[in-house]
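Q: Residue numbers (my numbering), protein chains in the order written: chain A, 209 to 500; chain B, 1464 to 1853.
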Amino acid sequence: MAILCGKDTRLVVQGMGRMGVFHARLSREYGTQVVAGVAPGKGGGEAEGIPLFDTVQRAVVETGANASVIFVPPPGAADAILEAADAGVSLAVCITEGIPVLDMVRARAALRGSPMRLVGPNCPGAVTPGECRIGIMPAQITRPGPVGVVSRSGTLTYEAVDQLSRLGIGQSTCLGIGGDPIIGTSFVDALALFEADPQTRAIVMIGEIGGSAEETAAEFIRAHVTKPVIAFIAGQNAPPGKRMGHAGAIIAGGKGRASDKIAALEAAGVAVARSPAEIGSTVDSRVPSLRS
Amino acid sequence: MNVHEYQAKGLLRSYGVAVPQGELATTPAEAEEVARRLDAGVVVVKAQVHAGGRGKAGGIKLAKSPAEAKRVASEILGMTLRSHQTGPEGRLVRKVYVEAGSEIARELYLAIVVDRQSEKLAVIASTEGGMEIEEVAAKSPEKIITVVVDAGASLPSYVVRRVGYGLGLGAAQVKQLEALLGGLFRLFVEKDASLAEINPLVVTKSAELLALDAKLNFDDNALYRHPDVAKLRDPDEEDPREREAKEIDLAYVGLEGEIGCMVNGAGLAMATLDMIQHCGGRPANFLDAGGGADKEKVKEAFKLILRDPSVRAILVNIFGGIVRCDLIAEGVVAAAAELAVEVPLVVRLQGTNAEQGRRILAESKLDITPADTLREAGERVVAAARRVRA
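Written as structure tokens, this is what we have:
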């Protein structure tokens, strides 16, 4: 067990451009079942041995794909998300960075009531170590194990995963939920999934400045999470009013400060690592039995 | 992206939002001319800079005649305006907006924002106009009306009624609000705004609703489909280094410390600043070289960092996922040699091809301090910066 993706995942890749094809290949090399690519107008062809279809719907009908990863450029990305939902996949992971916020507001409204789970956009995707890679993470740094990792970041997730793996602490699933203001899967959603997953024995949550997703997560942890949670919040010294790379990473109107998030998490019993170098060691000291 | 008040009001006017008559002036003589044309008795001369708090900073003045408008414009134009939003360096005022004065009976607050929590738009209104909404939220949250709506084509009428009657407006004024708030909403959704704020929205003594001040922010990610909005960008209002970084697709934010940073990925870049601070140093900048960092980009990033005279040491922190560390190392070596980097350089490479990358650095014979872990990187660069200072 793990969350969101595993051996049974049958992946369709939307947006078979340079990046889509490259990561489709890496995912397949990792052992993921990459069953289809979608490239309108190129249906019937193939790329890297992956059959191409004109629409997601055709790809699902022909190959039994049940999850999609989206590399479609920003102007068409929200539409690609809705196309995935229409085709009936149960999971869509949107990697695309730079989607207009109102496109996502409208896409989220259109998805209300849809059984499809959206992860991202502007995220690195998910890896269930040894089983499945969706997106752009360097899967070689992961190892199978009991820690669920969820993060708003990309490379900082790799840093945390690497620290864990070096200590001999493996991961159930590593999940990047994305750095945009409007995203499909929240910290709360991911925490609920990890809480329900029998393989996961502890959860690492990596947040950052901007918005209030970490505060909401703290409330949820207090009420619903029994597993130990270890956190880090990036941007403790970020100046207010400046967008720190991610569209969602901005302290605005006195809201979204790292200090408030850390206080909320600590009040909910979460162990918050003081520096980004101490994420792995904080997990190790909080839950000593995780090494393998 | 921010725009000036005069630009925001031009857009509002085109969407049927009532704003006072006014025109832009770049010289005192022009201000006098505008004041004469407005023929309004009292005019307001307002500094046009991308920052709030202009009134208290002396950037907004009344004038009772065209001659006085000329005089106050000459005081405001060319001044360095310092408010709580400009930072200590302030902003040079290059243009003023000259506007007909209004007789104010009530000051209200009205805004539309993207609400991250509900994933919808939020219409926010308050009876406490003229104050910053954060201050109202802290002191008297009960005076704030928030209505959450979908980003549809037009604003549902009930929202107008909730806001209007909630603000204590009469039926005739609620009618006016329908046009005003409806226009603001259409502007927001059609032009991909991220913030639209009218503060204050005034009720004049003749019971008219009027947008006295206006602030619009637009979603950078959507500018590609709004060339008319993109055209409103004022490079004079942007930090030159941030602007330059944007042009070469790097995310850069200038800070006040002495340790320059180059990192791949926004989260790791923020965490690297945290690490430096944790080790007792102060970062000079945030720089995310992005997922596609290559040799050329590394060089450009170095140029940008070195432009800051307070930089005493540089930390390069790369976690290669997609980015290959050997390519980054080649970029660092080329940049350090070509740009004759004189400050100490600490480089930490981890992830894809990190071994090859480290070898390239070691063989370069350049004075580069390697670091293995994030902690080591932080400690070494802080120590290096201290040695330079001593």
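Ideal Cβ placement from N, Cα and C applies to all residues, glycine included.
Remember, predicted model here, so these are calculated numbers, not experimental data.
Based on the DSSP output, what are the partners of B/E1570 in its beta bridges?
A: Your numbering for residue 1570 of chain B matches position 107 in the second sequence. Paired residues: B/V1665.
Q: Sort B/A1614, B/L1475, B/I1607 and B/A1799 by Cα distance to B/L1428 and report the nearest one.
A: Absent from the model: residue 1428 of chain B. The displayed extent of chain B is 1464 to 1853, so no value can be given.
Q: Measuring straight from C-alpha to C-alpha, what distance separates A/R494 and B/A1685?
A: Sequence index remark: in the first sequence, residue 494 of chain A carries index 286 (1-based). Sequence index remark: in the second sequence, residue 1685 of chain B carries index 222 (1-based). The alpha-carbon atoms of A/R494 and B/A1685 are separated by roughly 44 Å.
Q: CB-CB under 6 Å to A/N330, same chain, minus the five flanking residues each way: which ones, in chain order?
A: Position 122 of the first sequence holds residue 330 of chain A. Excluding positions up to five away in sequence, the list reads E305, G386, G387 and D388.
Q: Answer yes if the stretch 464-473 of chain A comes into contact with the stretch 434-446 of chain A, meaning at least three C-beta pairs across the two stretches below 8 Å, and no otherwise.
A: Output reads yes: the stretch 464-473 of chain A touches the stretch 434-446 of chain A.
Q: Decide if A/E291 is buried, meaning its Cβ has at least 16 other Cβ atoms within 10 Å, or exposed.
A: The sequence position of residue 291 of chain A within the first sequence is 83, counting from 1. Buried, by the Cβ-count rule.
Q: Expressed to the nearest angstrom, what Euclidean distance is found between the alpha-carbon atoms of B/K1527 and B/Q1639?
A: Walking along the second sequence from the start, residue 1527 of chain B turns up at place 64. Walking along the second sequence from the start, residue 1639 of chain B turns up at place 176. So the two alpha carbons sit approximately 29 Å from each other.
Q: Can you name the residues of chain B whose CB is closer than 8 Å to the CB of A/D370?
A: The residue labelled residue 370 of chain A in the question sits at position 162 within the first sequence. Simply F1782, Q1813 and G1814.
Q: At what residue ranges does the stretch 1618-1692 of chain B contain a whole run of the beta strand (DSSP E), taking only runs of 3 or more?
A: DSSP runs (the beta strand (DSSP E)) wholly in the stretch 1618-1692 of chain B: 1656-1667, 1672-1674 and 1677-1681.
Q: What first and last residue would you give for the alpha helix (DSSP H) that runs through A/F395?
A: Position 187 of the first sequence, counted from the first residue, corresponds to residue 395 of chain A. Taken as a continuous stretch (DSSP letters only), the alpha helix (DSSP H) holding A/F395 covers F395 to A404.
Q: Quick one: what's got a C-beta closer than 8 Å to A/G214's C-beta in the same chain, skipping five residues either side?
A: Numbered from 1 along the first sequence, position 6 holds the residue referred to as residue 214 of chain A. Correct list, in chain order: T336, E339 and C340.
Q: Taking A/Y238 and B/G1784 to be in contact with their CB atoms under 8 Å, please state how far apart those CB atoms are, rounded to whole angstroms.
A: In the first sequence, residue 238 of chain A corresponds to position 30, counting from 1. In the second sequence, residue 1784 of chain B corresponds to position 321, counting from 1. Their Cβ separation, rounded to whole angstroms, is 13 Å, which puts A/Y238 and B/G1784 out of contact at 8 Å.
Q: Between the alpha carbons of A/V412 and A/M345, how many angstroms are there, rounded?
A: For the purposes of this step, residue 412 of chain A is taken as the residue at position 204 of the first sequence. For the purposes of this step, residue 345 of chain A is taken as the residue at position 137 of the first sequence. Whole-angstrom Cα-Cα distance: 17 Å.
Q: Would a C-beta distance cut-off of 9 Å place B/R1557 and B/D1676 closer than the cut-off?
A: Here the question's residue 1557 of chain B lines up with position 94 in the second sequence. Here the question's residue 1676 of chain B lines up with position 213 in the second sequence. Their beta carbons are not under 9 Å apart, which means B/R1557 does not touch B/D1676 by this criterion.
Q: Which two residues bound the contiguous beta strand (DSSP E) that contains A/M413?
A: For the purposes of this step, residue 413 of chain A is taken as residue 205 along the first sequence, with counting starting at 1. From DSSP, the beta strand (DSSP E) with A/M413 extends over A410 to E416.
Q: Mind reading off the beta-carbon distance from A/L326 to A/C302? Whole number of angstroms is fine, and I expect it under 8 Å.
A: On the first sequence, residue 326 of chain A is found 118 positions in, with the first residue counted as 1. On the first sequence, residue 302 of chain A is found 94 positions in, with the first residue counted as 1. Contact holds; Cβ gap of about 7 Å.
Q: Could you tell me the alpha carbon to alpha carbon distance between B/V1779 and A/V357, rounded to whole angstroms?
A: Position 316 of the second sequence, counted from the start, is the residue given in the question as residue 1779 of chain B. Position 149 of the first sequence, counted from the start, is the residue given in the question as residue 357 of chain A. Approximately 25 Å, taken between the alpha carbons.
Q: Applying the criterion that 16 or more other CB atoms from any shown protein chain within 10 Å of the CB defines a buried residue, is A/G252 buried or exposed?
A: Translated into the one-based positions of the first sequence, residue 252 of chain A becomes position 44. A/G252 comes out exposed.
Q: When the Cα atoms are used, what is the spatial distance from B/L1713 to B/A1764?
A: As a working mapping, residue 1713 of chain B is identified with position 250 in the second sequence. As a working mapping, residue 1764 of chain B is identified with position 301 in the second sequence. Their backbone Cα atoms lie some 8 Å apart in a straight line.
Q: So that I know if they touch, is there some Cβ in chain A lying closer than 9 Å to that of B/I1608?
A: For this step, residue 1608 of chain B is matched to residue 145 along the second sequence. Chain A contact via Cβ: absent.
Q: Determine the burial state of B/V1851: buried for a count of at least 16 other Cβ atoms within 10 Å of its Cβ, exposed for fewer.
A: Taking the first residue of the second sequence as 1, we reach residue 1851 of chain B at position 388. That one is exposed.
Q: Out of A/G343, A/G384 and A/Q371, point me to the one whose CA is closest to A/V277's CA.
A: Position 69 of the first sequence holds residue 277 of chain A. Residue A/G343 is the option with its Cα nearest to A/V277.
Q: When you compare each of B/L1767, B/G1820 and B/I1777 to B/R1787 by their alpha carbons, which one comes out closest?
A: Position 324 of the second sequence, counted from the first residue, corresponds to residue 1787 of chain B. B/R1787 has its Cα closest to that of B/G1820, out of B/L1767, B/G1820 and B/I1777.
Q: Going by the DSSP bridge assignment, what does B/L1475 pair with across the sheet?
A: Within the second sequence, residue 1475 of chain B is the residue found at index 12, counting from 1. None; B/L1475 has no bridge partner.
Q: Are there 16 or more other CB atoms within 10 angstroms of the CB of A/A410, so buried, or fewer, so exposed?
A: Taking the first sequence and counting its residues from 1, the one referred to as residue 410 of chain A is at position 202. When all chains shown are included, A/A410 counts as buried.
Q: Can you list the residues of chain A that B/I1785 reaches, using a CB-CB cut of under 7 Å?
A: As a working note, residue 1785 of chain B is residue 322 in the second sequence. Those within 7 Å of B/I1785 in chain A are I344.
Q: Please list, in chain order, the residues of the stretch 1833-1845 of chain B that have any C-beta partner in chain A closer than 8 Å.
A: Taking 8 Å as the Cβ-Cβ cut-off against chain A, the residues of the stretch 1833-1845 of chain B that qualify are T1836, L1837, R1838 and G1841.
Q: DSSP on A/D384, reduced to helix/strand/coil?
A: For the purposes of this step, residue 384 of chain A is taken as residue 176 along the first sequence, with counting starting at 1. Sequence inspection shows Gly at residue 384 of chain A; the Asp mentioned does not correspond to that position. In the structure shown, A/G384 sits in a strand (DSSP, three-state: E or B).
Q: Rounded to the nearest angstrom, how far is the Cβ of B/K1519 from that of B/I1539, given a contact under 8 Å?
A: On the second sequence, residue 1519 of chain B is found 56 positions in, with the first residue counted as 1. On the second sequence, residue 1539 of chain B is found 76 positions in, with the first residue counted as 1. In fact, because the Cβ distance is near 14 Å, the residues do not count as touching under 8 Å.
Q: Using a Cβ cut-off of 9 Å (strictly closer), state whether B/S1657 contacts chain A.
A: Along the second sequence, one-based indexing puts residue 1657 of chain B at 194. With 9 Å as the cut-off, B/S1657 counts as an interface residue toward chain A.
Q: If you draw a straight line from the alpha carbon of A/I390 to that of B/S1537, how long is it in whole angstroms?
A: Taking the first sequence and counting its residues from 1, one reaches residue 390 of chain A at position 182. Taking the second sequence and counting its residues from 1, one reaches residue 1537 of chain B at position 74. So the alpha carbons of these two residues sit roughly 45 Å apart.
Q: Return the first residue and the last residue of the alpha helix (DSSP H) that B/V1774 is part of.
A: Sequence index remark: in the second sequence, residue 1774 of chain B carries index 311 (1-based). It is not in any alpha helix (DSSP H) - B/V1774 carries neither H nor E in the DSSP assignment.
Q: To which residues of the same chain is B/P1746 closer than 6 Å at the C-beta, ignoring the five residues directly before and after it?
A: The residue labelled residue 1746 of chain B in the question sits at position 283 within the second sequence. Closer than 6 Å at Cβ, skipping near neighbours: L1718, G1720, I1722, C1724, L1736 and I1739.
Q: Looking at A/V243: is its Cβ nearer than 9 Å to the Cβ of A/A267?
A: Stepping through the first sequence from its first residue, residue 243 of chain A is reached at position 35. Stepping through the first sequence from its first residue, residue 267 of chain A is reached at position 59. For A/V243 and A/A267, yes; Cβs fall inside 9 Å.
Q: Shorter than 8 Å, the distance from the beta carbon of A/E486 to the closest heavy atom of the ligand GDP, or not?
A: Looking for the ligand GDP in the displayed structure turns up nothing, as the structure carries no ligands at all.
Q: How many whole angstroms separate the CB atoms of B/K1606 and B/V1612, which I take to be in contact at a CB cut-off of 8 Å?
A: Start at 1 with the first residue of the second sequence, and residue 1606 of chain B comes out as number 143. Start at 1 with the first residue of the second sequence, and residue 1612 of chain B comes out as number 149. At roughly 21 Å, the Cβ-Cβ gap does not stay under 8 Å, so B/K1606 and B/V1612 are not in contact.
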